[in-house]
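Asker: There's a structure below that I have some questions on.
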Amino acid sequence: MNSPLPRLDSRIGISTPENIAFEYRVAGPWTRLPAYLVDLLIRIVAVIVVWLVGMIFFSFVDLAAIGWFLGLLAWFLAQWFYGGLFEAYRNGQTPGKQVFGLRVLRIDGRPVTPIQAILRNLLQMVDMMPMAIIPGFFFGEGDLYFPTFLAALVPMMLTQRHQRLGDLVCGTMVVVEERIPVARLDAVDQEGLAQLMELLPANFQPSRSLARSVSHYMARRRYFGPARRQEIARHVGEALAAKLGMPANINHDLLLSAVYARSFFGSTGELLNTTKKVKGDKGGGVGKREMELIK
Amino acid sequence: MQPLALIESRSPQWRRLETLCDELETRRSARKLPVTHRVEFASLYRAACADLALADAYQLPSDSVRYLHQLVGRAHNQLYRTDELGAVGWKEELFERIPRRLYGDNSLRLASLLFWGGFIAAMFLSSKWTPVPEFADAVVGQEALEKYEAMYEESFSSSTYSPEDRIFMAGYYIYHNASIGLRCFVMGLAFGIGGMFAIVFNAVIIGATFGYLSTTDSSQNFFEFVTAHGPFELTAIVLSGAAGMKLGFALVDTGGLSRSESLMSAARQTMPTMFAAVLLFMFAAVIEGFISPSPLPYGIKAAVAMASSLVLMWYLVILGYAQQPDEEEDERLAVE
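Residue numbers (our numbering), protein chains in the order written: chain A, 399 to 693; chain B, 38 to 373.
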């Protein structure tokens with residue numbers, strides 16, 4: 399966690415003035431694209447609805463042009479102020495961002511100010527630049543103007559927080575508000591685990607860093623097949639087996655499971671209790687997401 | 038305490054905090070949330086922060102740490118929310134801060150000088166007293182000038198504009214003109230320069246067109262058309278230009294900041310000016326759509342122009358002078 403190396407994942411640490419330190423996951427271009435498309439769709443639909451309703455409503459009084467007026471006004475507002483006003487009034491979220499759990503924050507983690515929200519959205523105009531032109535695309539009748547979005551993508555790639563130009567100007571970033579369920583300890587009930595735990599020296603208490611590494615491994619373990627598990631577990635397992643004076647041909651995956659159980663569950667008896675508890679919870683109202691995750 | 042027991046004992050409170058976050062995230066239920074729950078939210082948030090801070094000492098597994106990070110992040114975003122500019126906020130911004138800032142704004146003074154100077158000079162050079170007869174042709178181009186001339190051949194008293202056309206045109210003017218203003222501002226920000234260029238360029242083109250049309254037969258119709266919305270529209274152009282220019286100056290005179298930082302703080306300071314400009318563009322568009330092309334007598338159109346000039350005077354000079362310049366406010370905008 400306190401690795402001196404630059405981090406490869408997109409997590410950004412925040413220290414608030416109250417000295418609370420936590421991490422956000424920053425949203426990159428691919429995370430933000432669906433939200434952008436949803437917002438674009440909402441804007442287009444809203445303008446068309448305003449225009450149509452205006453046209454239909456005012457054509458009864460023979461003033462269909464008011465529909466045009468409203469449509470153009472809506473287009474203007476949607477183009478320039480849609481994102482800014484939503485982000486200013488909904489705590490940094492446009493409807494699209496809300497759907498995909500994104501939020502705009504200042505780079506120090508504080509909420510955006512209304513002025514920042516509006517300015518960073520005005521600058522969306524620059525994002526589409528430069529325009530690629532394909533002359534005579536429409537059967538030789540007209541040229542196709544195609545926004546390349548390079549002005550947005552290049553700064554996003556170059557900055558650690560994936561900021562586009564508007565973000566850089568306003569000192570903002572877009573973070574993912576993850577919603578992961580309460581992590582429960584994975585019940586480890588493999589064959590032979592109890593026997594192996596007997597073999598562990600009674601006074602063996604894993605160090606913090608070992609416990610942390612093993613918990614990383616256990617969190618990811620369910621995604622790997624048996625052979626892969628052995629391959630990964632071998633790196634720590636060999637050294638550990640030698641240190642504890644265990645036979646060299648021991649199942650390394652099982653050994654790490656035992657270390658995990660020792661450091662987080664205490665003893666086998668408790669471990670078995672928890673296993674039951676988890677199973678009992680499945681019937682209760684804990685939530686389906688968690689169950690899916692357990693599976 | 039074993040990590041397992043700790044997680045077991047703490048997770049009900051974490052879940053409770055999650056539920057409260059869910060409620061705060063939707064506007065409607067957030068408004069109805071009783072005070073006791075808000076107090077509970079604050080204490081749960083502090084407890085979760087403490088758990089996260091001690092996660093290493095408690096030897097929590099990595100999954101739980103990740104969970105706590107996202108929980109604290111979510112709760113933090115609900116505890117510290119964007120200050121909504123309420124009705125009072127907008128009023129204060131529009132009628133106190135913006136006039137105050139505009140009144141003391143040197144780049145606005147320079148922008149008006151450049152704009153009106155360029156405008157009057159170009160108008161003189163393309164009028165009938167010009168020492169350089171080919172000026173208008175060279176600046177605006179023969180083709181464009183002829184197009185403008187043809188546009189104003191018909192008198193508005195026998196106008197064929199229907200009310201429908203006028204409403205449509207008002208909408209179009211809002212969309213088109215205000216977009217140009219905003220685009221100038223954004224371009225000035227993105228490319229740093231451009232503000233001063235844009236303002237002189239516009240002044241000369243508009244001035245030359247005015248001057249040229251005054252020498253033609255269409256002159257009466259032309260002036261009848263432009264009088265009513267002129268004050269708002271031209272002031273809006275000057276305001277956008279001033280905002281763009283301020284960005285350019287921020288690149289040169291950084292005031293001790295780095296160049297990019299200085300450009301950014303200038304952009305934040307000029308944003309409210311741009312709002313004023315957009316509002317003016319909108320007023321101008323409505324006048325341009327409804328009053329300018331109407332067959333109303335010229336006197337009324339002139340009265341509209343005078344009234345709008347007086348409103349601008351009141352806004353820029355009286356409101357601006359009445360409010361003392363507020364350094365702190367500028368600083369707040371610059372820092373945030």
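Glycine included, each C-beta is placed from N, C-alpha and C at the ideal position.
None of the values given here were measured: they were computed from a predicted structure.
1) Where in the segment 501-589 of chain A do unbroken runs of the alpha helix (DSSP H), each at least 4 residues long, occur, reported from the N-terminal end onward?
2) In chain order, what residues of the same chain lie with their CB nearer than 7 Å to the CB of residue 670 of chain A, ignoring the 5 residues before and after it?
3) Buried or exposed for residue 104 of chain B, please, with buried defined as at least 16 other CB atoms from any protein chain shown within 10 angstroms of its CB.
4) Relative to the C-alpha of residue 532 of chain A, which residue among A/523, A/525 and A/543 is closest?
5) If I measure Cβ to Cβ from residue 115 of chain B and keep anything under 6 Å in the same chain, skipping five residues before and after, which residues do I get?
6) The beta strand (DSSP E) with residue 365 of chain A in it runs from where to where?
7) Pop quiz: residue 709 of chain A and residue 570 of chain A are said to be a contact at Cβ under 8 Å. What is the actual Cβ separation, rounded to whole angstroms?
8) What's the C-alpha gap between residue 512 of chain A and residue 486 of chain A?
9) Excluding the 5 residues preceding and the 5 following residue 112 of chain B in the sequence, name in chain order all residues of the same chain whose CB lies nearer than 7 Å to its CB.
10) Determine the DSSP secondary structure at residue 419 of chain A, reduced to helix, strand or coil.
11) Report all residues from its chain with a CB closer than 6 Å to the CB of residue 554 of chain A; omit the five preceding and five following residues, and keep chain order.
12) Give me the residue from A/453, A/594 and A/442 with the minimum Cα distance to residue 464 of chain A.
13) Compare the Cα-Cα distances from residue 151 of chain B to each of B/213, B/65, B/167 and B/241 and report the closest residue.
14) List the DSSP bridge partners of residue 411 of chain A.
15) Note down the Cα distance separating residue 655 of chain A from residue 552 of chain A, rounded to an integer number of angstroms.
16) Please classify residue 144 of chain B: does DSSP put it in a helix, a strand, or coil?
17) Residue 352 of chain B lies in the alpha helix (DSSP H); which residues open and close that run?
18) Beta-carbon separation of residue 110 of chain B and residue 416 of chain A under 8 Å?
19) Grouping DSSP H, G and I as helix and E and B as strand, with all else coil, what is residue 189 of chain B?
20) Spell out whether any CB of chain B is found under 8 Å from the CB atom of residue 655 of chain A.
21) Helix, strand or coil for residue 620 of chain A per DSSP?
22) How long is the line joining the alpha carbons of residue 304 of chain B and residue 280 of chain B, rounded to whole angstroms?
23) Measure from the alpha carbon of residue 218 of chain B to the alpha carbon of each residue in B/335, B/67 and B/270, then state which is nearest.
24) Alpha carbons only, please: which of B/334, B/357, B/276 and B/358 is nearest the one belonging to residue 145 of chain B?
25) Assign residue 165 of chain B to one of three DSSP states: helix, strand, or coil.
26) Return the CA-CA distance between residue 748 of chain A and residue 252 of chain B, expressed in angstroms with no decimal places.
27) What's the C-alpha gap between residue 189 of chain B and residue 159 of chain B?
28) Quick check on residue 414 of chain A - is its C-beta less than 8 Å from some C-beta in chain B?
29) Could you pull out every residue in the same chain whose Cβ sits closer than 7 Å to the Cβ of residue 411 of chain A, ignoring the five residues on either side in sequence?
30) Can you find a CB in chain C that lies within less than 8 Å of the CB of residue 422 of chain A?
31) What does residue 95 of chain B reach in chain A if we use C-beta pairs closer than 8 Å?
32) Does residue 89 of chain B come out as helix, strand or coil in the three-state DSSP assignment?
33) Please return the same chain residues whose Cβ sits closer than 7 Å to the Cβ of residue 155 of chain B, not counting the five positions on each side in sequence.
34) Mind checking which residues open and close the alpha helix (DSSP H) that includes residue 593 of chain A?
35) Quick one: Cα of residue 645 of chain A to Cα of residue 614 of chain A, how far?
36) Run the CB neighbour count on residue 386 of chain B, radius 10 Å, all protein chains shown included, and call it buried at 16 or more, exposed below.
Answerer: The answer reads as follows:
1) 512-520, 522-525, 548-556 and 563-568
2) Only weak support is given to the placement of residue 670 of chain A: the predicted model assigns it a pLDDT of 44, under 50, and the question is left unresolved by the model.
3) buried
4) A/543
5) 58 and 61
6) Residue 365 of chain A lies beyond the residue range present for chain A, which begins at 399 and ends at 693; the question has no answer from this structure.
7) The structure shown does not extend to residue 709 of chain A, since chain A is modelled only from 399 to 693, so the question has no answer here.
8) Near 4 Å, if we compare the C-alpha coordinates of residue 486 of chain A and residue 512 of chain A.
9) 54, 58, 82 and 85
10) strand
11) 427, 560 and 562
12) A/453
13) B/241
14) Residue 411 of chain A has A/421 as its beta-bridge partners, per DSSP.
15) 44 Å
16) Helix.
17) Segment: none, residue 352 of chain B is in no alpha helix (DSSP H) and carries neither H nor E.
18) In this structure, residue 110 of chain B lies away from residue 416 of chain A, with their beta-carbon atoms at least 8 Å apart.
19) coil
20) no
21) coil
22) CA-CA distance, residue 304 of chain B to residue 280 of chain B, rounds to 8 Å.
23) B/270
24) Taking residue 145 of chain B as reference, the option from B/334, B/357, B/276 and B/358 with the minimal CA-CA separation is B/276.
25) Residue 165 of chain B: coil per DSSP, three-state reduction.
26) Because residue 748 of chain A is not part of the residues shown, which for chain A are 399 to 693, the question remains open.
27) Cα to Cα, the separation comes out at about 20 Å.
28) For residue 414 of chain A, at least one C-beta of chain B is nearer than 8 Å to its own C-beta.
29) Hits under 7 Å: 419 and 421.
30) Absence of chain C from the displayed structure is noted, the protein chains being A and B.
31) Correct list: empty, because the minimum Cβ distance to chain A is about 10 Å.
32) The answer is helix: DSSP assigns residue 89 of chain B an H, G or I state.
33) 237, 240, 241 and 244
34) 591-597
35) When rounded, the distance between both Cα atoms is 25 Å.
36) Lying before the first or after the last residue shown, residue 386 of chain B is absent from chain B, which here runs from 38 to 373.
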